[in-house]
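Asks: Numbering (UniProt numbering), first residue to last: 4 to 296.
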Amino acid sequence: YYNHQTIIYLDGEFTKASSASTDLYGQSLHYGYAAFEGIRAYKTVSGDVRIFKAHEHFERLKRSCELIHIPYKFDNKELIDACYKVLEMNGMDEAYIRPLVFCPPLMTLKPAETSSILIAAWGWGAYLGEDLLRVMTSSFERPNPKAFMIESKSSGLYINSILATQEAKEKGFDEALLLDINGFVAEASGANIFYEKDGKVYTPPLGHILPGITRATLIELCNELNIPLEEKKFTINDLKSADAAFLCGTAAEVAGMKSLDEYEFPKTWERSVGYRLQQAYKNRVVERSSELV
Ligand code: PMP
Numbered sequence: 004y005y006n007h008q009t010i011i012y013l014d015g016e017f018t019k020a021s022s023a024s025t026d027l028y029g030q031s032l033h034y035g036y037a038a039f040e041g042i043r044a045y046k047t048v049s050g051d052v053r054i055f056k057a058h059e060h061f062e063r064l065k066r067s068c069e070l071i072h073i074p075y076k077f078d079n080k081e082l083i084d085a086c087y088k089v090l091e092m093n094g095m096d097e098a099y100i101r102p103l104v105f106c107p108p109l110m111t112l113k114p115a116e117t118s119s120i121l122i123a124a125w126g127w128g129a130y131l132g133e134d135l136l137r138v139m140t141s142s143f144e145r146p147n148p149k150a151f152m153i154e155s156k157s158s159g160l161y162i163n164s165i166l167a168t169q170e171a172k173e174k175g176f177d178e179a180l181l182l183d184i185n186g187f188v189a190e191a192s193g194a195n196i197f198y199e200k201d202g203k204v205y206t207p208p209l210g211h212i213l214p215g216i217t218r219a220t221l222i223e224l225c226n227e228l229n230i231p232l233e234e235k236k237f238t239i240n241d242l243k244s245a246d247a248a249f250l251c252g253t254a255a256e257v258a259g260m261k262s263l264d265e266y267e268f269p270k271t272w273e274r275s276v277g278y279r280l281q282q283a284y285k286n287r288v289v290e291r292s293s294e295l296v
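1) So, helix, strand or coil for glycine 29, using DSSP?
2) Please check the pair lysine 156 and alanine 38, which I expect to be a contact at CB under 8 angstroms, by giving their CB distance rounded to whole angstroms.
3) So is proline 102 buried or exposed if we call it buried at 16+ other beta carbons inside 10 Å?
4) With DSSP as the reference, label phenylalanine 151 as helix, strand or coil.
5) For a test of your reading of the model: does the CB of alanine 215 fall under 7 angstroms from any non-hydrogen atom of the ligand PMP? Yes or no.
6) Thinking C-beta only, is proline 269 closer than 8 angstroms to aspartate 241?
7) For cysteine 251, which beta-bridge partners are listed by DSSP?
8) Is glycine 252 near the ligand PMP, going by C-beta to nearest heavy atom under 7 angstroms?
9) Using only the heavy atoms of the ligand PMP, determine whether one of them is closer than 7 angstroms to the beta carbon of glycine 41.
10) Apart from the five residues just before and just after glutamine 281, which ones in its own chain have a Cβ nearer than 6 angstroms to its Cβ?
11) Pull up the distance between the alpha-carbon of isoleucine 162 and that of asparagine 229, whole angstroms please.
12) Please name the residue or residues paired with arginine 43 in a DSSP beta bridge.
13) If you drop the 5 nearest sequence neighbours on each side, which residues of the same chain put their C-beta closer than 6 angstroms to that of leucine 13?
14) Count the other CB atoms, across all protein chains shown, that sit within 10 Å of the CB of aspartate 78; report buried if there are 16 or more and exposed otherwise.
15) For a test of your reading of the model: does the CB of glycine 202 fall under 7 angstroms from any non-hydrogen atom of the ligand PMP? Yes or no.
16) Below 8 angstroms CB to CB, which residues in the same chain sit around alanine 115 once its five sequence neighbours on both sides are set aside?
17) From the DSSP output, read off the bridge partner residues of lysine 200.
18) Could you check if arginine 218 belongs to the surroundings of the ligand PMP, using beta carbon to heavy atom distance under 7 angstroms?
19) Is isoleucine 230 helix, strand or coil by DSSP?
20) Quick one: what's got a C-beta closer than 7 angstroms to valine 52's C-beta in the same chain, skipping five residues either side?
21) Under a three-way DSSP split, which group does alanine 189 fall into?
22) Comparing alpha-carbon positions, which option in Asn195, Asp177, Val48 lies nearest lysine 261?
23) Going by DSSP, which residues form a beta bridge with methionine 139?
24) Please list, in chain order, all residues of the same chain as leucine 166 whose beta carbon is under 7 angstroms from its beta carbon, the five residues on each side excluded.
25) Using 7 angstroms as the cut-off, classify the Cβ of alanine 44 as near or not near the heavy atoms of the ligand PMP, replying yes or no.
26) Can you list, in chain order, the residues of its chain whose CB lies under 7 angstroms from that of glutamate 154, leaving out five sequence neighbours each side?
27) Here's the rule I'm using: 16 or more other beta-carbon atoms within 10 Å means buried, otherwise exposed. How should threonine 253 be labelled?
28) Nearest to glutamate 267 by CA position, among Glu273, Ile10, Ala189, Arg137, is which residue?
29) In whole angstroms, give me the CA-to-CA distance for arginine 145 and alanine 248.
30) For the beta strand (DSSP E) containing tyrosine 12, name the first residue and the last one.
31) Is alanine 194 near the ligand PMP, in the sense that its beta carbon is under 7 angstroms from a heavy atom of that ligand?
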């Protein structure tokens, strides 16, 4: 992710990743008390570098911190400028950008009184492996919203995703799909889910899921493209009678699903609504305007 020349942003300074350090007595390290974002920069059709939905990501970061009482004294506009500067200083155009808000040394369970922010980036071009995903229903549930602020993209919460991913890989699958505490489908370990049935697309409502920015973008695209969409709770059985399904997230973009457990989705991916949305999304991130055709 970095070499001895890589520059990161740390609390207002641009500094070498290899010489930056943090305190070993921080709450973030000990309790996973931190919040982060995953953002992507694309080279657009005009040749400029654009950070996709930068404002939305930094607003979510702010909300993630507020929900778990981590002070957020940063100016999002300055942070977005800092992201562009990090890209420029590292000579990157297609990149993944990782802001992380973390807390100073404190070995008690009191909320932090101040926080730090780092912004790292690493080169990440177009993902070429377009293989359809084989997904398994995880034995792990998403955390109970009464036990955690699940809409906060906070570091500690990701142990749940690591456990689910490990289980899926160990069983030979590509991804894990997790249910909520009431047995409805929630989301994958690092992506939201949609399915298609009779030409209409469905996705779980907010409440037990991370409010994905890609999910919101796809909802926007459905409206623009007149694709009927409904946010509703559904079960694994509903999903196993779907025509097609796909995951979406900043990293995954729109990724078609081949199967869920033993069930294979019958519709050819290239003929599915998900495929149309995948193309529209790819156009949107590089600011190509042909998606309405
Ligand atoms: N759900 C989870 C659990 C995630 O980690 C992610 C990735 N941030 C998503 C959904 C998708 O969110 P986004 O589209 O904002 O990347």
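Each residue gets a CB set at the ideal place from its N, CA and C atoms; glycine is no exception.
Replies: Quick answer:
1) strand
2) 6 angstroms
3) buried
4) Taken through DSSP and simplified to helix, strand or coil, phenylalanine 151 comes out as coil.
5) According to the sequence shown, residue 215 is glycine rather than alanine. Indeed, a heavy atom of the ligand PMP lies less than 7 angstroms from the Cβ.
6) no
7) Asn195, Val257
8) yes
9) yes
10) Val257
11) 38 angstroms
12) Tyr99
13) Ala23, Leu121
14) exposed
15) No - the ligand PMP has no heavy atom lying nearer than 7 angstroms to the Cβ of glycine 202.
16) Gln30, Tyr36, His72, Ile73, Pro74, Cys106, Pro107, Leu109
17) Lys203
18) Yes - the ligand PMP has a heavy atom lying nearer than 7 angstroms to the Cβ of arginine 218.
19) coil
20) Counting only Cβ-Cβ distances below 7 angstroms, and skipping sequence neighbours, we find Ala44, Lys46, Leu90, Asp96.
21) Residue state for alanine 189 is assigned as strand, using DSSP reduced to three classes.
22) Asp177
23) Ala179
24) Phe143
25) no
26) Closer than 7 angstroms at Cβ, skipping near neighbours: Leu70, Leu213, Pro214.
27) Label assigned to threonine 253: buried.
28) Arg137
29) 20 angstroms
30) 10-13
31) yes
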